[in-house]
Structure formats: C-alpha cells, structure tokens
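Read left to right, the sequence shown gives residues 63 to 322 (the numbering used here). Beta carbons are placed, not taken as given, at the ideal position from N, Cα and C, and that holds for glycine. Notes for the one structure printed next.
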Amino acid sequence: MGILNVTPDSFSDGGDFFSPEKALNHAREMVEEGAAIIDVGGESTRPGAAIIPVDEELDRVIPVIEAIRAESDIPVSIDTSKPEVMRAAVGIGASMINDVRALQEAGAAEMAAELQVPVCLMHMQGGPQTMQLEPQYADVVSQVKDFLRQRIGHCIAAGLPRELIVIDPGFGFGKTLAHNQALLRGLDRLLEFELPLLVGVSRKSMIAHMLDLQVDERLYGSISLASIAVWQGASIIRAHDVAATLQAIQVSYMCRTKGN
Ligand code: PT1
63 MGILNVTPDS
73 FSDGGDFFSP
83 EKALNHAREM
93 VEEGAAIIDV
103 GGESTRPGAA
113 IIPVDEELDR
123 VIPVIEAIRA
133 ESDIPVSIDT
143 SKPEVMRAAV
153 GIGASMINDV
163 RALQEAGAAE
173 MAAELQVPVC
183 LMHMQGGPQT
193 MQLEPQYADV
203 VSQVKDFLRQ
213 RIGHCIAAGL
223 PRELIVIDPG
233 FGFGKTLAHN
243 QALLRGLDRL
253 LEFELPLLVG
263 VSRKSMIAHM
273 LDLQVDERLY
283 GSISLASIAV
293 WQGASIIRAH
303 DVAATLQAIQ
313 VSYMCRTKGN
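Put into structure tokens, the structure is as follows:
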C-alpha cells in the first residue's frame, strides 16, 4: 500500500505532494514501482497533528482520487475517520476505507456498513494530539487485541460483514518504542482473528528511537521492520518507498510461505 499524503503537514513528506498534479505524479510513480493500493489521506494523524474541517479534507482528497481514477484502475483507499469523506471518496471510486480511529467517530461504522467496502480498523491509544505524551499498557499485545476484538464486534453489529474487515495494531499511535517492539514480536498473535493484517512502520520515529536518524534517513530501518512484519504474517504493508519495500517483503514472504 503506497502512501499518498495530500497534506501540508505530514511527518515525512508533508507538503511534497500537496497540489493535485504533484500528488498524481507521485501516485503514478508508486503504481509503476508495484504498489497494489494507493492510500490517499488529507488529514495528518502523526503525533501532534491537528484535526481539520470536513470541507478542507474533501477539497484535498477528492480531486486527487478523481485524477487517479481518470487514468488507472489501481485500488484507492481513503485514509479518513469522517463519514462524509468516506461517502464522497467511495462515491468517486475509492474501494477501501483506512480509519486510524477504527470507525469510532459518530456515524462512521454505519457509513462503512452502507458503503460495503473493505475497512481497516486500527488501534490507537488516545488521539493524535496527545497519544505520545504518556502511553501506558499492562500488556500491549493483549490490550490491542481486546480493542480490535471489540471494534470488530461493533462493526459487524452495525452491518459490516466480517469478510470486509482488515486489522492494524497502529505502530506509533500511543506507543513507546518498547510497546512498538513488543507489538512486532507478538504480531503473530493478531493472526488469531483470521483477518488480513495491515502494518504501517514506514519512516516512523520508532526507528529514530533505536538509531537516532532523521526522517529522510529511515529507509533501511523501515524495510527491515516491514520484512519482520511480513515474516510475522502481515499481508498489507503501508509504505512511502514502494520499490525498496516491495523487494524486501517479497523475499520475506517467499521464505515464509516456501513460495516463489
Ligand atoms: C498506520 C498509519 C495509517 N500510520 C494505518 N494508517 C499513519 N492503517 C497514517 C511516528 O512515530 O500505521 N496504519 N495512517 C501515520 N501515522 C504516524 C504515526 C506517523 C507515528 C508517524 C509516527 O513517527
């Protein structure tokens, strides 16, 4: 899953692809490099990011999704928590919802059920503004699992078929380095849900906390974490650097599955 941030303030590439033309060019590049899905997001959710109004989010993402749809059949996922954005994006051809708030906003679960598209439910402790202040867990893997189990139940009750649910432990969302490492070691325990597992670790600060690297120096750490995630059973990797990440996770996957 290639990341397409249409935001002026995302953590690693904020502003780089803010104009629809630049965003479209970057989407093209990621498709050529082998991305299977393009994840379009108009609201940054990195630590400290602010919430934006629905109109602004629509103004950012809709022209970009339209432009991608006009020239490619690549599946587009919409990275949003707002039901209005979900409806508009799917209405013009987005085929998946990626919600870091796991459909907890008012009306979001009902909207996803109405739209009947795959939805990624992600775990976060707190909200983007405050989540990194003092994250605390007695047992991070068990607590992430409990949260996801509860959200899966809620979404199914709202009318979203289980077959449309993807899960994500939310690396960097209300987690210390030790929590992120424990989640990666215990990632295979999330396979118990028998749902596809999505992982986003690309360029995240957990790499800086291990190696003290700037955001533009985190490629090798990112692909290492991505291959561990695939080795542990992840089936979708959300990444900025598609060509490098794809090569790494393909060999990881082939070793894991004895495939070729
Ligand atoms: C993710 C994800 C996402 N991450 C899904 N969607 C972001 N499903 C946006 C840092 O510590 O993992 N899964 N959408 C980006 N969020 C962050 C979080 C960016 C933490 C950076 C950090 O540096």
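In terms of CA proximity to M184, R213 leads the group R213, E172 and L177.
In this model, D135 and E196 are separated by some 42 Å (Cα to Cα).
Secondary structure of S139 (DSSP, three-state): strand.
The alpha-carbon of E133 is positioned some 28 Å away from that of F73. Proximity of the beta carbon of Q194 to the ligand PT1 is indicated: a heavy atom of the ligand is located closer than 8 Å. Minimum Cα-Cα distance from E176 among the listed residues P145, H88, V202 and S106 corresponds to P145. In the three-state DSSP reduction, M158 falls in the strand class (E or B). Taking 8 Å as the cut-off, the C-beta of G76 does not count as close to any heavy atom of the ligand PT1. The ligand PT1 never approaches C317 closely enough for any of its heavy atoms to be under 8 Å from the residue's Cβ. When DSSP states are grouped into helix, strand and coil, D71 belongs to the coil group. When only Cα atoms are considered, D75 and M173 end up about 30 Å apart. Bridge partners of V181 according to DSSP: I159 and I227. If you look at R300, you'll find it isn't in any alpha helix (DSSP H); it sits in the beta strand (DSSP E) that goes I298 to R300.
Taking the Cβ of D117 as the reference point, every heavy atom of the ligand PT1 lies at 8 Å or farther away.
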